[in-house]
DNA sequence: CCCGTCCCGCAAACCGGTTTAGTGAGCGCC
DNA sequence: GGCGCTCACTAAACCGGTTTGCGGGACGGG
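Chains as they are written, first to last, in my numbering: chain A, 1027 to 1365; chain B, 1027 to 1365.
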């Protein structure tokens, strides 16, 4: 196959210098309209597009963002947050022809991946998701000189710009609704507490119960997984005084919980109300349909990418706050059973 | 922040030329052992790593692969094939420090994404997944001079190297097992037939029934979605002679189908046997646990990346065949009900 | 002692863009 | 008519690596 054309080929073909081709392409002043058209026509005819690596080298910009996911692969597949989030990032990036480098790794190797990303200068900045307590990454990216944006609450961002979408209101609304329905023993199956969002969900549950003057029901770890959700549910339902409602950290655990309840002959919602989080497409089709919460993951991705853009442009970017997650009541909740 | 060190800084620091630094780094002969150590020490001390863009420019290699997903975001999130697949690709790429550019797009814009990928020279090659009938991509990548590997059966690859993992045996085994259990009316809820794998699954079901001398049961589209699976199941169960077993195109549709059966008061597996595909982590925790099929998506990703590596190295790569998917019977199947 | 080899290492060119620092032509103005 | 300006364009340097081609010193053999 023929060698790809370079800027020199276009210049020759249009009878101008390489400089002019570059100027014409980038809409810089100093090129006569007529010449510019001739250049662009030549480029089109030869099918020339500037080489990204070459452009990246002279501009000192890679033209790509990085996203490092350090969950176990099993868990990543579980929720559809990431695909939607990535789709949103793509919307923001796609216009400029930039791209997203996705690195899936294990928690142990996480730091080295960021280090390599920074050392390589393969990305211009990174999006930090799934923040943990004492998360090393804000400091790490700062030390590495790697621009970053935190995808989460501003309190977690450690000085970085954040793009937040609050999941708390959905939990507050869910717990309040359950209380309205007469529930007094409302349990929580929490996600891994090292994650700030998992912890935040638990706090929302706990504090809302407190505000309502209700005792905190039992809490069990569900690990955001089907297995964890099933095990926790089994344990909760075998208590002397089982809860009449369970609020899960995510839909996967909740769906598994729904199956366990059914297996144990506990009718939902007659004897147990169930609430998930994520609005997984499956939740509308479980039996009964699972109450959940919806967050605009796609919009989140788009906003995060735009924020990182502005950070890279050197702007002082304020924390971005997106509309919060919304509680979606469905048939999996109902009035508390009579004692 | 200080400017990042370049190869010239390392050369100066070690008292050698840039050439020597490059040679030392790339293990090329012609550098004395002692000198090499001094160079590497200098590099380490300055914290220098070669810049990817610069390297990409001189080598004419981007050091990255591309993966374009053209499903609707909702559908991508649904199965955990991609996260596991990407994790596998990462394993193969990570060793060399290469990366994966993921582009999530819509079917309409798919071709232009490949065109840009090729024009930009931002990736060295692409992995083609989700092949369709009359898929334009093998010809497109060939025309664009963009090296590619087909993730799927060799018959689909149109001359490209393929890395296949056969899902057929799992379907054959499932249908045979159902027949053994006495089922005679075995339905199929198929995925979108423009996808070759969806079509292949349907053919496996159909041909196995034929081999067994059984009439093909009803087929309905399920679109690989929860909604489609639920709708198809509802329709199947309201037939005058409803099937006693349903084989779904994937777990998502099957899980939704399970809920519908339950909602309609059709006990599983007593009156209806159900089989999915993908071995989604949830399937072990549905009620009853869903029979499914397991394929090593991670290994698939790793093998695909390695194959693309070898294609890029100019080797003649034969079609790679991985161990086929395996049927995983669980409690969602049982003996056919007595008429 | 001289010459051919081998081993090391360097200068310079190159990859394909962008950008800086001019150059020359044309024009208005006094 | 000469000066200064603007406009359109270009030559050359630069980004940070890799690679080619060559030179100098040590060593061994004749």
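Every residue gets a Cβ at the ideal spot worked out from N, C-alpha and C, and that includes glycine.
Can you give the Cα-Cα distance for residue i and residue j, rounded to whole angstroms?
| i | j | result |
| --- | --- | --- |
| residue 1307 of chain A | residue 1146 of chain B | 36 Å |
| residue 1256 of chain B | residue 1032 of chain B | 59 Å |
| residue 1085 of chain A | residue 1078 of chain A | 10 Å |
| residue 1231 of chain B | residue 1214 of chain B | 7 Å |
| residue 1131 of chain A | residue 1112 of chain B | 10 Å |
| residue 1338 of chain A | residue 1229 of chain A | 34 Å |
| residue 1259 of chain A | residue 1315 of chain B | 16 Å |
| residue 1362 of chain B | residue 1293 of chain B | 12 Å |
| residue 1267 of chain B | residue 1335 of chain A | 59 Å |
| residue 1041 of chain B | residue 1049 of chain B | 14 Å |
| residue 1128 of chain A | residue 1263 of chain A | 41 Å |
| residue 1253 of chain A | residue 1233 of chain A | 27 Å |
| residue 1211 of chain A | residue 1270 of chain A | 6 Å |
| residue 1246 of chain A | residue 1301 of chain A | 15 Å |
| residue 1364 of chain A | residue 1326 of chain A | 42 Å |
| residue 1063 of chain A | residue 1340 of chain B | 40 Å |
| residue 973 of chain B | residue 1194 of chain B | As displayed, chain B neither begins before 1027 nor continues past 1365, which places residue 973 of chain B out of reach and without an answer. |
| residue 1274 of chain B | residue 1117 of chain A | 33 Å |
| residue 1093 of chain B | residue 1171 of chain A | 28 Å |
| residue 1126 of chain B | residue 1066 of chain B | 28 Å |
Could you give the residue range of the alpha helix (DSSP H) that holds residue i?
| i | result |
| --- | --- |
| residue 1065 of chain A | 1059 to 1072 |
| residue 1274 of chain B | Taken as a continuous stretch (DSSP letters only), residue 1274 of chain B belongs to no alpha helix (DSSP H), being part of the beta strand (DSSP E) at 1271 to 1274. |
| residue 1168 of chain B | 1163 to 1170 |
| residue 1337 of chain B | 1323 to 1338 |
| residue 1129 of chain A | Counting along the chain, residue 1129 of chain A falls outside any alpha helix (DSSP H), though it belongs to the beta strand (DSSP E) covering 1125 to 1130. |
| residue 1174 of chain B | Segment 1174 to 1177 is the beta strand (DSSP E) holding residue 1174 of chain B; no alpha helix (DSSP H) there. |
| residue 1140 of chain A | 1136 to 1146 |
| residue 1255 of chain A | 1252 to 1263 |
| residue 1032 of chain B | Looking at the DSSP string, residue 1032 of chain B is not in any alpha helix (DSSP H), and its letter there is neither H nor E. |
| residue 1233 of chain A | 1222 to 1237 |
| residue 1047 of chain A | 1044 to 1051 |
What do you get for residue i, buried or exposed, if any count of 16 or more other CB atoms within 10 angstroms of its CB means buried?
| i | result |
| --- | --- |
| residue 1318 of chain B | buried |
| residue 1305 of chain A | buried |
| residue 1043 of chain B | exposed |
| residue 1265 of chain B | exposed |
| residue 1045 of chain A | exposed |
| residue 1097 of chain A | buried |
| residue 1354 of chain A | buried |
| residue 1159 of chain A | exposed |
| residue 1277 of chain B | buried |
| residue 1133 of chain B | exposed |
| residue 1185 of chain B | exposed |
| residue 1283 of chain B | buried |
For a test of the three-state rule: what should DSSP assign to residue i, helix, strand or coil?
| i | result |
| --- | --- |
| residue 1077 of chain B | coil |
| residue 1111 of chain B | helix |
| residue 1214 of chain A | strand |
| residue 1352 of chain A | strand |
| residue 1089 of chain A | coil |
| residue 1209 of chain B | coil |
| residue 1346 of chain A | strand |
| residue 1180 of chain A | helix |
| residue 1301 of chain A | strand |
| residue 1095 of chain B | strand |
| residue 1247 of chain B | strand |
| residue 1158 of chain B | strand |
| residue 1266 of chain A | coil |
| residue 1360 of chain B | coil |
| residue 1198 of chain A | helix |
Along the chain, where does the beta strand (DSSP E) containing residue i start, and where does it finish?
| i | result |
| --- | --- |
| residue 1319 of chain A | 1318 to 1320 |
| residue 1154 of chain A | 1151 to 1154 |
| residue 1187 of chain A | 1187 to 1191 |
| residue 1284 of chain A | Segment 1277 to 1289 is the alpha helix (DSSP H) holding residue 1284 of chain A; no beta strand (DSSP E) there. |
Touch check for the region 1198 to 1207 of chain B and the region 1136 to 1150 of chain B: three-plus C-beta pairs under 8 Å? no
When the Cβ atoms of the region 1325 to 1333 of chain A are set against those of the region 1174 to 1188 of chain A, are three or more pairs found closer than 8 Å? yes
Can you find at least 3 beta carbon pairs, one from the region 1163 to 1170 of chain B and one from the region 1146 to 1165 of chain A, that sit closer than 8 Å? no
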